[in-house]
Amino acid sequence: MGTDTAISIDVGGQKDIGTTCLSFQQISYQVRGTNGKTKQLLHDISGSFRSGRLAGIMGPSGAGKSTLLNVLSGFKTSKMSGKLLVNGQPIKPQKYRREVTYTSQD
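If you read the sequence shown in this note's numbering, its first letter stands for residue 1, the second for the next number, and so on.
Right, dumping it as structure tokens:
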């Protein structure tokens, strides 16, 4: 972790949307199990993604990779705490959900 390597990908004909940074600060996410107990799936996760960069999220099965992406894309918000920022500004949830897409591995 901690490495940040930039690569350039020519997407030809694409409109330049400028530099965008999605950052997340102290993201936590929990669910209630079938036994009624709360289970913490993400705890105090922080980081950022910048446009024009290729990023990977790695970890063992069950580590919370898909949960993190679902939280960052706005699909899981009810049990989430922390901050999501675009270019340093707090997101507006309805607008954010209209403008963000995420394709899962399944």
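Even glycine gets a Cβ: it sits at the ideal position worked out from N, Cα and C.
| Item | Value |
| --- | --- |
| Opposing strand residues paired with residue 24 [DSSP bridges] | 47, 84 |
| Distance between beta carbons of residue 41 and residue 77, contact taken as under 8 angstroms | No, residue 77 and residue 41 are not in contact; Cβ-Cβ is about 14 angstroms, not under 8 angstroms. |
| Nearest neighbour of residue 24, chosen from 100, 101, 62, 91 [CA to CA] | 91 |
| Closest Cα partner of residue 94 within the set 88, 36, 75, 61 | 75 |
| Residue 39 in three-state terms, based on DSSP | strand |
| Coil, strand or helix - residue 53 by DSSP | coil |
| Reduced DSSP category for residue 100 - H, G, I as helix; E, B as strand; rest coil | coil |
| Residue 101 beta carbon less than 7 angstroms from that of residue 51 | no |
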